[in-house]
Amino acid sequence: MSSALQASAPASASPLLRPLTFVQPGRIEYGAGKARRLADLVPGWAERRVLVVADAFNAGRADLLGLPPQHQIFSQVRPEPDLPNLDLLIDQARGFAPDVILGFGGGSAMDLAKLAAVLCRSAQDFRDIVGVDKAEPRTCLLVSIPTTAGTGSEVGARALVMDPASKAKLAADSHHMVADIAIVDPEMTTSLPPAVTAATGIDALAHCVEAFTSRRAHPLVDIYAREGIGLVGRYLARAVADGSDVEARAGLAMAALYGGFCLGPVNTTAGHALSYPLGTRFQVPHGLANAVIFPHTLAFNAPVRAEKSQVVSELLGFKGQDLRAESYDYCTALGLEMQMSKMGVAAHDLQSMAEEAHAIRRLLDHNPRDMSVTDIVEIYRAAL
Ligand SMILES: [Fe+2]
């Protein structure tokens, strides 16, 4: 949703008194096999000019979407898309002038597709739309098909692109960037290897937990957050153990969708802010970066969110003794690497990483407990 439309009541007021705007895609198609049925789901599909936005792997299997004759595939989406990556896409989109833009992949592909959709026929460029509700209305259809179960970008209004000069992630947020049709097809995720399944599953979990415990938490969104956490608790370990477990894949696809619902109206907090420098500086995949931080921010926030932290603990099947240790063990049992030193981070990096994370006020201002640069260094040290 558009952050500009968000609650303005003080966060200390009863959550029920906080106004909220909740923008969702015009249509959500959920179910195995849906992605192969685009011709039935997108009006006038056969005559459309379709630009598929994907990474190399998903570009290689875009045939399964039954693309119409007039299509192009942008196959160069990078894991942490940056401004040059976006420029390449916008050049192709402006040259081709599609009337459907289809994001097919993880969060990076779907985010770039959103930007191409608002920029491809516009005089604006990305810098003009960084912030909230700066983008002009789009004239092409936007379709999102996630191929991982994590980001929830398929239902979101936000896109992140890294500025290589500052290493900062720039966020554009506009209701014009919400997809017309989001197609959540768990079949698209069955080929994900266990490590990616685990990392992206923790990303979905982090979206739900951070929104659930945020200063901006809202009862209308808590429903999705709570359900999403429960789905991860029930199905993530199963999907990691057996990628062909279709019920587990469906549970995770739904958890990611619920996590996406949490992102728009409430959004993430410290967990994501602290994970960003790992992605931008050390190219740690987003989900894994979230995982390595997750136990520490969860434990840091627990004293000021005792009741909700207890709910998280129960939904994840913990015994309720030590939130940090149990969530750490939960992640390691999924096969996730939980030490930043194994990702190229050294002790002398921590101070500047902490300063960078601390400056991400759009997230940290909503963390339930104030977090100083020193607090962040301590968390990083614990995760090193
Ligand atoms: Fe995320």
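Note that this note's numbering numbers the sequence shown so that position 54 is 99, with each residue one more than the last.
For every residue, glycine included, the Cβ atom is placed at its ideal position computed from N, Cα and C.
| Item | Value |
| --- | --- |
| Can you name the start and end residues of the beta strand (DSSP E) that Lys-214 belongs to? | 214-218 |
| Can you give me the C-alpha to C-alpha distance between Val-349 and Met-222, rounded to a whole angstrom? | 34 Å |
| What's the call for Ile-424, buried or exposed, on a 16-neighbour Cβ count within 10 Å? | buried |
| To the nearest angstrom, how far is the alpha carbon of Ser-219 from that of Gly-278? | 32 Å |
| Going by C-alpha distance, which of Asp-178, Thr-184, Thr-192, Asp-156 is nearest Ala-104? | Thr-192 |
| Between the region 115-131 and the region 206-218, do at least 3 Cβ pairs fall closer than 8 Å? | yes |
| So the beta strand (DSSP E) Gln-121 belongs to, where does it begin and stop? | Taken as a continuous stretch (DSSP letters only), Gln-121 belongs to no beta strand (DSSP E), as it is neither H nor E. |
| Give a yes or no on contact between the region 164-173 and the region 87-95, applying the rule of three or more CB pairs nearer than 8 Å. | no |
| If you pair each beta-carbon of the region 220-240 with each one of the region 264-277, do three or more pairs fall below 8 Å? | no |
| Quick one: measure Cβ to Cβ for Gly-195 and Ala-240, integer angstroms, because I've assumed they're closer than 8 Å. | Contact doesn't hold; Cβ gap of about 12 Å is too wide. |
| Near Asp-290, what residues of its chain come up, given a Cβ to Cβ distance below 7 Å and the 5 sequence neighbours on each side ignored? | Arg-283, Ala-284 |
| Does the region 252-262 come into contact with the region 183-192, if we say contact requires no fewer than three beta-carbon pairs (one atom in each stretch) closer than 8 Å? | no |
| Any chance the CB of Asn-335 is under 8 Å from a heavy atom of ligand 1? | yes |
| When you measure from the CB of His-252 to every non-hydrogen atom of ligand 1, does any distance come out below 8 Å? | yes |
| Counting only the same chain and skipping the five closest in sequence on each side, list residues whose C-beta sits under 7 Å from that of Ile-421. | Leu-319, Ala-399, Ala-402, His-403 |
| Measuring only the C-alpha atoms, how far is Ala-52 from Pro-70? | With a pLDDT of 43 at Ala-52, under the threshold of 50, the modelled position of that residue is not reliable, and no figure is offered here. |
| Can you tell me whether DSSP reads Val-175 as helix, strand or coil? | strand |
| Does DSSP put Ser-53 in a helix, a strand or coil? | Note on Ser-53: pLDDT 47, under 50, position unreliable in the model; the coordinate value appears next. Reduced to three states, the DSSP call for Ser-53 is coil. |
| Just tell me which of Arg-82, Phe-339, Val-418 has its CA closest to the CA of Leu-368. | Phe-339 |
| Tell me which residues share the same chain as His-341 and place their Cβ nearer than 6 Å to its Cβ, disregarding the 5 neighbours each side in the sequence. | Ile-424, Ala-427, Ala-428 |
| Rounded to the nearest angstrom, what separates Gly-148 and Arg-294 at their Cα positions? | 20 Å |
| Quick check: the region 61-70 against the region 300-314, are there 3 or more CB pairs under 8 Å? | yes |
| Val-188 and Ile-226 look like a contact to me (Cβ under 8 Å); what is the Cβ gap, rounded to whole Å? | 5 Å |
| Return the first residue and the last residue of the alpha helix (DSSP H) that Ser-354 is part of. | 351-360 |
| Identify, in the order they occur along the chain, each residue of the same chain with its Cβ nearer than 8 Å to the Cβ of Ala-107, setting aside the five sequence neighbours on each side. | Val-97, Ala-99, Ile-118, Phe-149 |
| Cα separation between Arg-160 and Ala-202? | The sequence given here places Leu at residue 160; Arg does not occur at that position. Their backbone Cα atoms lie some 10 Å apart in a straight line. |
| Report the partner residues of Met-207 according to the DSSP bridge assignment. | Asp-127, Lys-214 |
| Between the C-alpha atoms of Glu-382 and Ser-120, what's the straight-line distance to the nearest angstrom? | 29 Å |
| Please go through the same chain and pick out, in chain order, the residues whose beta-carbon is closer than 7 Å to the beta-carbon of Val-329, but skip the five residues on each side of it. | Leu-323, Met-388 |
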